[in-house]
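First residue of the sequence shown? That's 1 in the UniProt record's numbering, and the numbers climb one at a time after it.
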Amino acid sequence: MTSPDERTDPHEVRIAELRARRRARMRWLAIRGGLLVVAMAVLLLAALYWLLTTIGGRDLLLAQVVARLPAEATLSWREAEGPVAGPMTLRDVRFEMDGLVFTAERVTLDPEIQPLIGRTLRLDALQLERATLELPQSDEPFELPQWPELLPEIEPPLALEADDVRIDGLTVTRAGEALIEVRRLRGGLRARPGALSVERLEVDSDRGRFGVHGDYLPRDDYRTDLVATAVLPAPAGRTPPRIGVVAHGDLAKMDVGIAGAVPGPLRATLTLQGRDTPRWRLHADARALDPALLAGEAPSETPLAATLSVDGVGGAMAVEGEFRQGELSARILPSKLRLENQVIEAEPLLLELFDGRISARGRADFSDPTDGADERGRIRFAINARGLRWGGATAEEPQAQAISADADLGIAGTLQAWAAIGSATLARDGEQARVRLDGRGDAERMRLETFEVSMPTGTLDIDGEVAWVPEPGWDLRATLAGFDPGYFLADWRGAVDGRLASTGTLGDAGVQATVDIEDLGGRLRERALDGNGRLRIDGEAYEGELALSLGGSRIEARGRLADTLEVDARFEPLRLADLLPDAAGTLQGTLALRGARNAPDVNAELDGSGLSWGDYRADSLSVRGRLPWRGSGGELALRAAGLQTGLELDSVRIDARGAVEALALDANAQGGIGTLTLSGQADKRGGSWQGRLATLRLAPARGADWQLQQAVAFGWDGRNGRLERGCIGASVGGALCVEADWPRRGASIDGDGLPLSLVESYLPERADGRPWFLRGEIAIDARLRPAGNAWEGEVRVSSASGGARFRRRGEREPLNYRDLRLDARFDPRRIEATLGSVINEDGRLDARLNTGWDDYSPLDGALSFNIDELVWLELFSPDIVEPSGLLEGRIALTGTRGDPRLGGQARLSAFSTEVPALGLLLHDGDVRLIAQGDGSARIEGSIGSGNGDAGGGDLRVDGVLGWTDGGPPLELRVHGENVLVSDTRDLHAVASPDVRVRIAAGEPITASGTVTVPSARIELEHLEGGVSASDDVVVLDPADPEDGGASPLDLDIGIVLGDDVRLNGFGLKGRLGGQMRVRARPGREMLANGTLNVGGRYKAYGQDLTIKRGSLGWSNNPVSDPLLDIRATRQIGDVTAGVDIGGRVSAPSVEVWSDPATTQSDALAYLTLGRPLSNTSSAESEQLTAANAALAAGGSVLASQLGSKIGLDDAGAMESRTLGSVFGFGKRLSPRLYVGYGVSLVGSGTVLTLKYLLGLGFDVEIESSTEENRASLNWRKEK
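Here it is as structure tokens:
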């Protein structure tokens, strides 16, 4: 039997052996291959390590980068530092490609190697220093924006991540012109195809400071979430424009918001919805937009106010807006525009301007005309204007006529060949002028085929060319034959003849031009005209001559203005009214300038009189003499009187002797503000000026005089100035000293021991009319230094203590302070100030302010105070005595200087004071000022009113203080119930007021509402009367005749009298009721409407009269002249006697009557004595005499009014001890002597009265009458 091993096939064995050997070989090959791979990997890693971390590897890689650049690109550097793995620094780098040139003194890279495997360049740091980037000129044709193609794409060749980008100095230019100079850039960015992320990128450049943060993803439907800010540069003293932009959304819906200050508030919103044909809306509102400031140019004095609203679908849009700048305003009426496929269409565009309307219809196709379509590249527009008006009557020229115009203009063709055809009609005073235009042009220039103006007086023809490529230029000729410029400039009517020709260009070298005027003649502004002239301009050099005769003026001038001056002018004479419509006066003489442009010799013989132009005026002016720039022997005298140049001066005298470089000067100026006198000398030695101010005296019209204490030397070498320390002393003590070394150390001003009394004359008048009396001294320390083209500095004012008194030698100081300190710092952009002081021993006042120089500067301020001594309020209100309480608060100021906002709060608590004139004690006063969210402040408070024994109701105050939305600064409502308003022996009154008060700067104070008087008691016998001035009192004119005193009042108050208003005195016991409304407007007499009723009983001469009817009525007539309707009666048996008083107070009528009827004498006897005249006794006759005096009371009122007008102290019904009732007059001849004369009201007697004041309360009185003589010695003591 055979075993299994013996049955095995040798072939199979062989195969197995081969397989085993193969497996062994494979294991060996695998091991060897692994070893080889490891070796190669090690070699590769070593190579990479060498390339990335060694200098040789760096140089090899950089060489390969240069070798693989496109053929038109070059990259070079002067020196390399560090390995490629970073940080690697290249110095003096230069890269050029396709017109783009980049250079940098230093480029530092710190990359991460691993991200490069995923085609991402990640830089831990990217730094550039002093780099430049020259951009190539774009040769792409102009294209109108399209949505969403106008959004930028992000397609970097390699994904870039840089967490720390630092650029210090980068200038971007195009065609040699700087576009932006980046001084500093910091931030991070990540850019990959279709995505951009910016991390807090901040740029400081000459164009402003910019910041960007957010994401922009074009690949994700243009999803955007970006915030950008910009602070643009502004001149010194101007607030920099600030703009912020927020964009959020994608093509389905995107919102863009813009806000800022430019320099006024700017708000704009843009909303887009839809991808292919989006619906969008734009709204913009700018209250004060200055385009010049945004462009980096000099700011405009009249910013632009604009609103714009646009609603669109795709490229079709509806536009509406309004624009205002100064006196010019324009409106875009609802208009239709379309901007699609490189085509602009107006369907139409309507503009309201100059009181008329302008409409534009047409289309402009900016697509490539070589595409073959008929309309491509063609322009076709029609512009029509109707009803335009300008000029017309003004306050200065009420007879001026307006000019109206209608015009039509058509433009058609292509950019390479177009035509402009137009016509216009101008109308004035029923006459017309017609304008025709025919111009043909291309992309470089326009040829005027026809420009003709025809009018009743003649024509104007202009022909020539106007070019704009390669630079602006012109070649024009004009022929005038009776041309009337008054159709274009209303003040310049005439019929002018002549020929004008001008050629020129405006290029990099400036203006190169010629102007020739020949055979000028005709009439201009109703004055004969004749003249010729020529002018040549070559950059900064001017040469020309002029011979002009206009009206009574003759002017001859010729000269050259270049590096040297050679100018001669003769005025024989020059009447300013001939040349300028709003000017006047005559100037006659000669003027010659010779020498270097910046150092001319002056020779003048000029005299002027009655000169005025706009706000400038000189009643007389004289400049005579010769003053060379160098040498000696010159004398030049200037005299002027009645000068107004922003500062009104009565006279000016300036005498200059020697030469400008060896000058002796004396000057004097006098005016309403005071007198200034100075003298000094200046000499130029080499390139430096040396001089000395010998005298300086300033005598203001108010306040102390100032005088230079000693001569002061000064110098200037063209770059640096020097002023030795000099001091001016005040006549009341103290001095101010100035020293300068400019610009190295700047200037300093200091003053010690300056008394506060220096400012007494400049403080506003106290409420009681008395002067201020101030105690204390202040010290001033100020520094001023140059900062670029502006200044910066600081000011410190301090005072150890001070106060204000009621009297100069009074011991009481209602207001005092100590440790006063004011610190202020300023630079071209900002003003910062702090103030601190202790007030009235333990009170405190602190203030802080941070702002800029113009009205648009942000305002950041704070005021805090805590004062528990309020006696100082008596300085501002003489009617209150011993005020007390606590005044505390913290007020914040925000907004801008032109639109300030209030914050914080203030409170006056526990306030009390006496008002002796009204017999009142005000108590428990509590008034709060609370800031509101809109920047204004709410006022609320109350105060109790009483007499010390019994209290009345509370008077409440509510209102608003602020300057927002054009509202008034202060609006108050004063109201209360049963408020005690007076408690004196002559008047006790309780009122319930409800009055609104409005106070605004430059406007009258308005008060309106109702005052209800539920109860009052009026003691007529205690009412005070007026006392006229004696003859020894001199009445002076007001110190400031133009000062109208307090603000004018616009009053509209209703007065309602209740049932408990009583009158008592002189025998009258009555009641007063009714209501009236008082209306007063500034500059007009106070008027009234309504009726007041009087009732009660009148007891006089031993009898009682009943007032049956009594009323005072007003019907929109003066409040001082009501209509009277009064009847008083007495019943005696069957006889009723009475008196009727009617008419107006200014002319009353009095009638005494009886029923049954009797004579007026008997009626008067019945009224006063109760029986007829025939039954009266002698004593009763005396009573009747007194009654006659009462009947003459109406005449007495008139007599007293008349007497006051003619200077009498007394006039009317008076009482005499010898004759009883008399009608007379009296006059105080001196403070001690009084003389009077009277005529008896009953009979024919007369009386002479003499009174003489002896002193110590004693006086002698002597009466001499036709009846008897009396003398008396009197003594009076007032308590």
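Quick reminder that beta carbons are idealized off the backbone N, C-alpha and C, glycines included. Just so you know, these numbers come straight off a predicted model, no measurement behind them.
The segment 913–930 and the segment 864–881 touch, with no fewer than 3 CB-CB distances between them shorter than 8 Å. Boundaries of the beta strand (DSSP E) around I1141: V1135 to R1144. Counting along the chain, P265 sits inside the beta strand (DSSP E) bounded by residues P265 to Q273. Taken through DSSP and simplified to helix, strand or coil, Q401 comes out as coil. Taking the CA atoms as reference points, P628 sits about 11 Å from A604.
With respect to the C-alpha of D311, the residue from P348, P278, E471 and M40 having the closest C-alpha is P278. The DSSP-derived three-state label of A234 is coil. As DSSP reads the structure, G413 sits in a beta bridge with I379 and W418.
The C-alpha of R818 lies about 25 Å from the C-alpha of S731. In this structure, L565 places its C-beta atom within 8 Å of the C-beta atom of G595. Sequence-distant Cβ neighbours of G836 in its own chain, meaning closer than 6 Å and more than five residues away, are R821 and D846. Across the structure, A501 and P900 are spaced so that their CA atoms are roughly 55 Å apart. Rounded to whole angstroms, the gap between the alpha carbons of G729 and T677 is 15 Å. Taking a contact to require three or more Cβ pairs closer than 8 Å, the segment 1076–1096 and the segment 1114–1127 qualify as touching.
Partner residues in a beta bridge of V981, as assigned by DSSP, do not exist. Of the candidates S76, R996 and G494, the residue whose Cα lies closest to the Cα of M97 is S76. Between G585 and L576, the gap from beta carbon to beta carbon is short of 8 Å.
Secondary structure of P218 (DSSP, three-state): helix.
Nearest neighbour of E1215 by Cα position, chosen from L1233, G1238 and D519, turns out to be G1238. When G430, Y616 and L415 are compared, the shortest CA-CA separation from A443 is found for L415. Excluding the 5 residues flanking it on each side, I411 has same chain C-beta neighbours closer than 7 Å at I379, F381, W418 and A420, in chain order.
Between G925 and I939, the C-beta gap is not smaller than 8 Å, which leaves the two residues out of contact.
Annotation: the segment 855–922 contains the following complete segments of the beta strand (DSSP E) (minimum length 3 residues), in chain order: 860–867, 881–895 and 900–915. The three-state secondary structure of P291, taken from DSSP, is helix. Listed as beta-bridge partners of S757 by DSSP are no residues whatsoever.
In this structure, R1062 sits near A1016, with a CB-CB distance shorter than 8 Å. In the DSSP assignment, R783 falls within the beta strand (DSSP E) that extends over F773 to A787. If you draw a 10 Å sphere on the C-beta of E345, you find 16 or more other C-beta atoms in it, and that means buried. Across the structure, N947 and R998 are spaced so that their CA atoms are roughly 30 Å apart.
In chain order, A131, T132, L133, A178, I180, E181 and V182 place their CB closer than 8 Å to the CB of T171, counting only its own chain and leaving out the 5 sequence neighbours on each side. For A298, there is no enclosing beta strand (DSSP E), as DSSP gives it neither H nor E.
For R25, DSSP assigns no beta-bridge partner whatsoever. Leaving aside the five residues that flank A481 on each side, the residues in its chain whose CB is nearer than 7 Å to its CB run, in chain order, G458, T459 and D497. Rounded to the nearest whole angstrom, the C-alpha separation of R436 and M455 is 12 Å. If you check the CB distance, T851 and I831 come in under 8 Å. A straight line joining the alpha-carbon of A910 with that of L887 spans about 9 Å.
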